[in-house]
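Engineer: Starting off with a structure, shown below.
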Amino acid sequence: MTILTTDVPASDVAVATEASSSAVSWGPIVAGALAASTLTLILMLLGSGLGLTMVSPWSNESASVTTFAVSTAIWLVVVQWLSAGLGGYLTGRLRAKWVGIHTDETFFRDTAHGFMAWALATLLVVFVLGAAVSSAIGTGVQALSTVASGAAVGASAGAASTTSADSGATSYFVDALFRPSDASRPAAPGAEGDAVAAAQASRILVAGAAAGAISAEDKTYLGQLVAARTGLSETDATARVTAMLAKLEQTKVSAQQAADTARKAGATFALIGALSLALGAFIASAAAALGGRQRDDEEAAYLVTSR
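Residue numbers (the numbering used here): -5 to 301.
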């Protein structure tokens, strides 16, 4: 007895037409990801070389931090556009033709393959350049935390002992405080009293930096120390202390400004990096859809001309 197609249950038809292979073509995905990651590494090296031309050891010859950050952000976007576009296009162009698939489903699969190629390429690049990227992003946070904790650490260390690391942080200012009034007659080197006075001055400066200001009592005592060991009058010694504290405060403000600039640059780098990655995912998906459509069109045109 002949059985018509209309007599076959719908469930049997669905089972008979179900594809035996996965809709994911890992070969084109891996190929596109390798191409994208390789191009990314090449462009990153090129960008590093161009970035080094903007930096100079000579004063006032390097690009500003803002210019450098903007250039880096633009280059990150360009790198993502080029590498994601190449990887996505190759992924769509190299995949095998899906037979019996609706146009919308083909478009979805192509975009999904492009996205997966971009994701795999991103993981490869992060794996290779993970240390460098983490260092660049964490520069601002590390610099800010160093400045914020430096005063507290210095104060606690100064209270515990007078190590060389503690005195190194304020050695210039302490030396300036105890310069003799007459440079032709310097104080006797290695005097125990001078060493004790320098240690006391160092601890006062460190404690004042941690507290945010030096108390009037400590300032007066510093003036007395300077007057006793430099030959200056107490008035001149107090004026020297005041001037040196102003320089110390200016140094602190400059360090905080540098840390804030580094923090902002790190935040900008992270945000622009996230935006460039999002753009890369979109471009890879769109390029894969374009490559897949061109692949099907080329095959269809070849079949028509070969008949």
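Glycine is no exception: its CB is placed at the ideal position from the N, C-alpha and C atoms. For clarity, every value in this text was computed on a predicted model and none was experimentally measured.
Quick one, which of I277, D104, L39 and L44 has its alpha-carbon nearest A17's?
Structural biologist: Among I277, D104, L39 and L44, the Cα nearest to that of A17 belongs to D104.
Engineer: Is W112 helix, strand or coil when you go by DSSP?
Structural biologist: helix
Engineer: Counting beta carbon pairs with one atom in the region 26 to 39 and one in the region 106 to 126, are three or more of them shorter than 8 Å?
Structural biologist: Short answer: they touch.
Engineer: When burial is assigned at 16 or more other CB atoms within 10 Å of the CB, is S31 buried or exposed?
Structural biologist: buried
Engineer: Going by C-alpha distance, which of P22, L35 and L70 is nearest L271?
Structural biologist: L70
Engineer: Go ahead and pull the three-state DSSP assignment for G206.
Structural biologist: coil
Engineer: How would you write the range of the alpha helix (DSSP H) that I266 sits in, first residue to last?
Structural biologist: E228 to S300
Engineer: Could you check how far apart the C-beta atoms of I277 and A67 are, in whole angstroms? I think they sit under 8 Å.
Structural biologist: So it is not a contact: roughly 17 Å between Cβ atoms.
Engineer: For H96, which of helix, strand or coil comes out of DSSP?
Structural biologist: coil
Engineer: Does S196 come out as helix, strand or coil in the three-state DSSP assignment?
Structural biologist: helix
Engineer: Alpha carbon to alpha carbon, what distance is there between R287 and F121?
Structural biologist: 32 Å
Engineer: Quick one: is T224 buried, meaning 16 or more other Cβ sit within 10 Å of its Cβ, or exposed?
Structural biologist: So T224 counts as buried.
Engineer: Count Cβ pairs between the region 243 to 250 and the region 72 to 83 that sit closer than 8 Å; are there 3 or more?
Structural biologist: Short answer: they don't touch.
Engineer: Could you round the C-beta distance between V235 and L216 to whole angstroms and report it? I think they count as a contact, below 8 Å.
Structural biologist: 5 Å
Engineer: Could you have a look at A201 and say whether DSSP puts it in helix, strand or coil?
Structural biologist: helix
Engineer: Taking its Cβ as the centre, do 16 or more other Cβ atoms sit within 10 Å of I208, making it buried, or is it exposed?
Structural biologist: buried
Engineer: In terms of alpha-carbon separation, which member of D290, L297 and Y296 lies closest to I95?
Structural biologist: D290
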